[in-house]
Structure formats: structure tokens, C-alpha cells
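A.B. asks:
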Amino acid sequence: MSGLPRRLALASTTLLLALGAVELGVRTLAPQPAGAPVGLLRGPFTTPGDHPVRTEEYAVTVHVNRHGFVDREWADSKRGPRVVLVGDSFVQAAQVPLEAGYGRRLEAELGGLAEVESVGVPGAGQATELDLLAAVILPRDPDVVVLGFLVANDVLNNHPLLEQKDDKPFYRLRGGVLERVDAVGWDPPGGPLWRASATWRLVARAAAERRVATQKLEAGRGVPLDLRVYDPTADPTWEEAWAVTDALLAEMARRCTAAGARLVVVLFPDAVSAGGAGREAAVTRWPALGGWDLEAPTRRAAALAARHATVVDLAPGFAAHAGPAGVDAPPPSALHLPRDGHWTAEGHALAARHSAPAVREALSGSGARPPPP
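Next up, the structure:
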């Protein structure tokens, strides 16, 4: 072999070795689980087993149980009172070690009064959670259902025009009655290249995240659409989203009551609603927020949820612990990851500590008896 064929072979070999080195680097430094949404499950962590994750802010091993949720393995039989958490990626807690997540910390705060199971699905609003209630949670025979309500985006998640995603269920109100709207036209990730290459999954996920961010910035008229939940200007689409959210909470409460379970709604603060450094950084980047009442959505969510369930607002407790401004050098007591936005281990611990009293009271009112020693 000589001349052009030899040079082509050498170039091909070099390219393959370079691609192999990149693939090895991605698998080592930024593992990309291949899990694709299955039914109501979404995100990379749906395949049972241990998945190492490393980012610039954290490095953890995420355990997915045999049911497809980030949690320890659930008991086959019920030995005592059971609390089931449901929510989005804040409940999933894939950014911290398993024992540092909200579910495990809440169980520790309850001091043996009940076992706690976590059903967290990234991007879930109450529409997804209503379906999870029927498919996963109520069959677990819970005494208390704790709904983690992320005020920053749960209302948005419940409306297809605001969410701009079609890989999840939605509901609409017709004549005051909830009507399910099935997602159509969704092409889930898959194929041999997706399954075989962590590099391809990394690139595809990064491209999808950029695309969604761009779409939401355009839809938000220069402000990320998620932040429009704080906008005091009346908007018919957002009002419809609030009305659907109210109806979804009412239906969840009705189904819990019919099943003999008590519903507790815990309002989760993001970095903006919690105040401190996160809010100051957001206002600096998006000056329009400076003229908006950033507590208004939490007050509205609390009033709405209180019509259907016991409500715990975590915002005051988080605000009391909010650190000084400075995203580049967060204080040791930071409750949110500066870039990722999810809770740190300290944030999960604080959330569990402040919500445990209401869960204890709900367990007492449910008549559930403590597990045997």
C-alpha cells in the first residue's frame, strides 16, 4: 500500500483512535446514561442500576431502582406507615448522593414513623404527577402523599403552549372538567448510535437543551419563558395554566382521599424565589425581574393548594438561610447549585427539616400505626 490509499488508511486510523479517545473521555469524565423515556418516565435515569455522573459542580453515582426511579429499592410488602413523594427533578435529587436527597432526609427526620419512597420525574408538573398517582403511587398504598410543587415551573409544565414539549401528558379544562391531551408526534431518542455512543448522547442532549433554551427565550420575549411566571401582566395562556393546575390539584386530592391517603403539598423554592445570591444574579441578568413581585407566584400557589391539601411553604426557611450575592464564589451554606440550579445536600436537608412536622401531623391524622420494632 502506498500513496493516496496509504494516506487515507492512516487518516482513517487516526480519526478512529481520536474518536475512541473522545468516547473514553466522555464515559470517564461525563457519563451519559442511555435511558430514554418509557411511559411516564423521562430523562436519562430510567434504567435500573448505578449510573456515575460527573459535572463541573458535582460527582455522584445515581441509583435507579427496579421501578425506574432514583431511590433505594422499595419493599414488596408494607410493614408500617408509608409516605410517597412525587415531584420533578428536585424530588429525583440526582445531583446529590442518594442518602442526601429529600426522600431519605425526610425519612430520617420522621425518626422511624414511616418509610418514605421517592417518585421523581424530571420536568413533571401536576399533569404528569396525576398520572403517576394512578399508575405508581396509589398502588403502593401510601398513608400520606407529599407533592413537591416547584412554583418556578410547575404551572408552566402543565400547559403545552408554555412547556413546548410533547413527550409528557397534558390536561385541559372543557366545561370545567379535566380532559387528557395525549402527546403526538414525539420521536424519542434511540437507535444503535444513541445506545452505543456516550459522545453522541452528550452532543444530542446538549443540542436539545440549547434548542429548548432558545425557544423559551424567544417565547418569553427576551426573558426565559419560565421566568414569566413572575410577570404581573395578565396573560390568558398563563391564567389558563393556573386554572388547569388548580383542577389537577383538586383531582389529586380527591383521588388520595378516596384511597385513604392524605395529601401534603410542599412548595419548593428555586434560587430566584428563595432570595439571596440566586435572586440577585437573576435580576442582574434579566433586569425586568427587578420590577416584579417575585413572591407573588408562591403566594398564589399556596392559596390555591390550601383549598385541597395541607400546604408547607419552604420559601421563608430558605430565605432565612440565603447567602450573600456572588455566583462565582457561593457561601458554604448555599442551598442551590449556582449553575445547575437544583438543591445541594444542604438544601435537601433544610427542605426535609421544614416539611417533616406537617408530614408527621398527616401521619397522625391518617390513623397509620408505627411500624413494628
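Taking the numbering used here, the leading residue of the sequence shown gets -16, the next gets one more, and so forth.
Note that the Cβ used here is the ideal one computed from N, Cα and C, for glycine as well.
These numbers come from a predicted model, not from an experiment.
Does the beta-carbon distance from Val249 to Ala135 come in below 8 angstroms?
C.D. replies: Taking the sequence shown and counting its residues from 1, one reaches residue 249 at position 266. Taking the sequence shown and counting its residues from 1, one reaches residue 135 at position 152. Cβ atoms of Val249 and Ala135: not closer than 8 angstroms.
A.B. asks: Do the region 54 to 65 and the region 120 to 132 make contact, defined as three or more Cβ pairs closer than 8 angstroms?
C.D. replies: The answer is yes - the region 120 to 132 touches the region 54 to 65, with three or more Cβ pairs under 8 angstroms.
A.B. asks: Whose C-beta lies closer than 6 angstroms to the C-beta of Pro252 among residues of the same chain, with five residues either side of it excluded?
C.D. replies: Reading the sequence shown from its first residue, position 269 is the one you call residue 252. The answer, listed in chain order, is Leu297, Ala298, Phe301.
A.B. asks: Do the region 113 to 120 and the region 83 to 91 make contact, defined as three or more Cβ pairs closer than 8 angstroms?
C.D. replies: Output reads no: the region 83 to 91 does not touch the region 113 to 120.
A.B. asks: Hey, Ala244 and Val128: beta-carbon distance below 8 angstroms or not?
C.D. replies: Along the sequence shown, one-based indexing puts residue 244 at 261. Along the sequence shown, one-based indexing puts residue 128 at 145. Yes, the Cβ-Cβ distance between Ala244 and Val128 is below 8 angstroms.
A.B. asks: Under a Cβ-count criterion, where at least 16 other Cβ atoms within 10 Å of its own Cβ denotes burial, should Pro27 be classed as buried or exposed?
C.D. replies: For the purposes of this step, residue 27 is taken as residue 44 along the sequence shown, with counting starting at 1. Per the 10 Å Cβ criterion, buried.
A.B. asks: What are the start and end residues of the alpha helix (DSSP H) that includes Thr281?
C.D. replies: If you number the sequence shown from 1, residue 281 lands on position 298. Segment 279 to 289, the alpha helix (DSSP H) holding Thr281.
A.B. asks: For Pro35, which three-state DSSP category applies?
C.D. replies: Numbered from 1 along the sequence shown, position 52 holds the residue referred to as residue 35. In this structure, Pro35 counts as strand in the three-state DSSP scheme.
A.B. asks: Does the count of Cβ pairs from the region 219 to 234 and the region 267 to 277 closer than 8 angstroms reach three?
C.D. replies: With the cut-off at 8 angstroms, the region 219 to 234 and the region 267 to 277 do not touch.
A.B. asks: Which residue from Val294, Pro321, Leu139 puts its Cα closest to that of Pro262?
C.D. replies: Translated into positions along the sequence shown, residue 262 becomes position 279. Here residue 262 turns out to be Arg, not Pro, going by the sequence shown. The residue with the shortest Cα to Cα distance from Arg262 is Pro321.
A.B. asks: I need the straight-line Cα distance from Leu287 to Asp229, nearest angstrom please.
C.D. replies: For the purposes of this step, residue 287 is taken as the residue at position 304 of the sequence shown. For the purposes of this step, residue 229 is taken as the residue at position 246 of the sequence shown. Those two C-alpha atoms are separated by around 6 angstroms.
A.B. asks: Roughly how many whole angstroms lie between the Cα atoms of Gly348 and Gly84?
C.D. replies: For the purposes of this step, residue 348 is taken as the residue at position 365 of the sequence shown. For the purposes of this step, residue 84 is taken as the residue at position 101 of the sequence shown. Gly348 and Gly84: Cα-Cα distance of roughly 26 angstroms.
A.B. asks: Let me check understanding here. Comparing Cα to Cα, which of Arg163, Val45, Ala97 lies closest to Gln78?
C.D. replies: Along the sequence shown, read from residue 1 onward, the residue named residue 78 stands at position 95. Closest option to Gln78, Cα to Cα, is Val45.
A.B. asks: Specify the secondary structure class of Pro315 as computed by DSSP and reduced to three states.
C.D. replies: Translated into the one-based positions of the sequence shown, residue 315 becomes position 332. Residue confidence for Pro315 is low, a pLDDT of 43 falling below 50, so the modelled location carries little weight and cannot support an answer.
A.B. asks: Taking the C-alpha atoms as reference points, what is the distance between Ala257 and Ala217?
C.D. replies: Against the sequence shown, residue 257 aligns to sequence position 274. Against the sequence shown, residue 217 aligns to sequence position 234. Going from the Cα of Ala257 to the Cα of Ala217 covers about 24 angstroms.
A.B. asks: Look up Tyr154 in the DSSP assignment and give the residues it is bridged to.
C.D. replies: To locate residue 154, count along the sequence shown from 1; it is residue 171. Looking at the DSSP assignment, Tyr154 forms a beta bridge with Arg163.
A.B. asks: Which two residues bound the contiguous alpha helix (DSSP H) that contains Asp229?
C.D. replies: Position 246 of the sequence shown, counted from the first residue, corresponds to residue 229. Residues 219 to 241.
A.B. asks: For Pro442, which residues in the same chain have their Cβ closer than 6 angstroms to its Cβ, ignoring the five residues on either side in sequence?
C.D. replies: As displayed, the chain neither begins before -16 nor continues past 356, which places residue 442 out of reach and without an answer.
A.B. asks: Work out the CA separation of Arg163 and Arg157 for me, nearest whole Å.
C.D. replies: Reading the sequence shown from its first residue, position 174 is the one you call residue 157. Reading the sequence shown from its first residue, position 180 is the one you call residue 163. Spanning the two alpha carbons is a distance of roughly 10 angstroms.
A.B. asks: Quick one: Cα of Ala279 to Cα of Val53, how far?
C.D. replies: Sequence index remark: in the sequence shown, residue 279 carries index 296 (1-based). Sequence index remark: in the sequence shown, residue 53 carries index 70 (1-based). Roughly 32 angstroms between the two C-alpha positions.
A.B. asks: Can you tell me which of the three DSSP states Val74 falls into?
C.D. replies: Sequence index remark: in the sequence shown, residue 74 carries index 91 (1-based). Helix.
A.B. asks: Assuming Gly324 and Ala254 are in contact, meaning their beta carbons sit under 8 angstroms apart, how far apart are those beta carbons, in whole angstroms?
C.D. replies: Translated into positions along the sequence shown, residue 324 becomes position 341. Translated into positions along the sequence shown, residue 254 becomes position 271. Between Ala254 and Gly324 the Cβ distance is about 6 angstroms, and since that is below 8 angstroms, they are a contact.
A.B. asks: Check whether the region 147 to 161 touches the region 96 to 115, counting contact only when three or more Cβ pairs, one atom from each stretch, lie closer than 8 angstroms.
C.D. replies: As far as the Cβ criterion goes, the region 147 to 161 touches the region 96 to 115, which means the pair count is three or higher.
A.B. asks: Are there 16 or more other CB atoms within 10 angstroms of the CB of Asp71, so buried, or fewer, so exposed?
C.D. replies: Here residue 71 is taken as the residue at index 88 of the sequence shown, counted from 1. Buried.
A.B. asks: With respect to the alpha helix (DSSP H) encompassing Arg87, which residues constitute its N-terminal and C-terminal limits?
C.D. replies: Taking the first residue of the sequence shown as 1, we reach residue 87 at position 104. Looking at the DSSP string, the run of the alpha helix (DSSP H) that includes Arg87 is 85 to 92.
A.B. asks: Mind reading off the beta-carbon distance from Ala92 to Ala335? Whole number of angstroms is fine, and I expect it under 8 angstroms.
C.D. replies: In the sequence shown, counting from the first residue as 1, residue 92 sits at position 109. In the sequence shown, counting from the first residue as 1, residue 335 sits at position 352. Reading the sequence as shown, one finds Glu at residue 92 and not Ala. The Cβ separation is near 5 angstroms, so the contact holds.
A.B. asks: With which residues is Gly103 paired in a DSSP beta bridge?
C.D. replies: In the sequence shown, the residue the question calls residue 103 occupies position 120. Partner(s): Gly70.
A.B. asks: When the Cα atoms are used, what is the spatial distance from Val99 to Ala236?
C.D. replies: Here residue 99 corresponds to residue number 116 of the sequence shown, with the count starting at 1. Here residue 236 corresponds to residue number 253 of the sequence shown, with the count starting at 1. Approximately 19 angstroms between the Cα atoms of the pair.
A.B. asks: For the alpha helix (DSSP H) that contains Leu144, what are its first and last residues?
C.D. replies: Position 161 of the sequence shown, counted from the first residue, corresponds to residue 144. Counting along the chain, the alpha helix (DSSP H) containing Leu144 begins and ends at 143 to 146.
A.B. asks: What residue range is occupied by the uninterrupted alpha helix (DSSP H) comprising Ala302?
C.D. replies: Translated into positions along the sequence shown, residue 302 becomes position 319. 298 to 303 is the extent of the alpha helix (DSSP H) around Ala302.
A.B. asks: What is the DSSP secondary structure of Ala341, reduced to helix, strand or coil?
C.D. replies: Locating residue 341 in the sequence shown gives position 358, counting from the first residue. Three-state DSSP puts Ala341 in a helix.
A.B. asks: Is Ser101 closer than 8 angstroms to Val119 when the C-beta atoms are compared?
C.D. replies: The residue you call residue 119 lines up with position 136 of the sequence shown. The residue you call residue 101 lines up with position 118 of the sequence shown. No. Outside cutoff.
A.B. asks: Taking a contact to mean a Cβ-Cβ separation below 8 angstroms, would you say Val360 touches His337 in this structure?
C.D. replies: It is not possible to answer for residue 360, since the shown part of the chain is limited to -16 through 356.
A.B. asks: Gly51: buried (16+ other C-beta within 10 angstroms of its C-beta) or exposed?
C.D. replies: Your numbering for residue 51 matches position 68 in the sequence shown. It is buried - the Cβ of Gly51 has at least 16 other Cβ atoms within 10 Å.
A.B. asks: Exposed or buried, what is Thr(-3) when buried is set at 16 or more other beta-carbons lying within 10 Å of its beta-carbon?
C.D. replies: As a first step, residue -3 must be located in the sequence shown, where it is residue number 14. With fewer than 16 Cβ atoms within 10 Å of its Cβ, Thr(-3) is classed as exposed.
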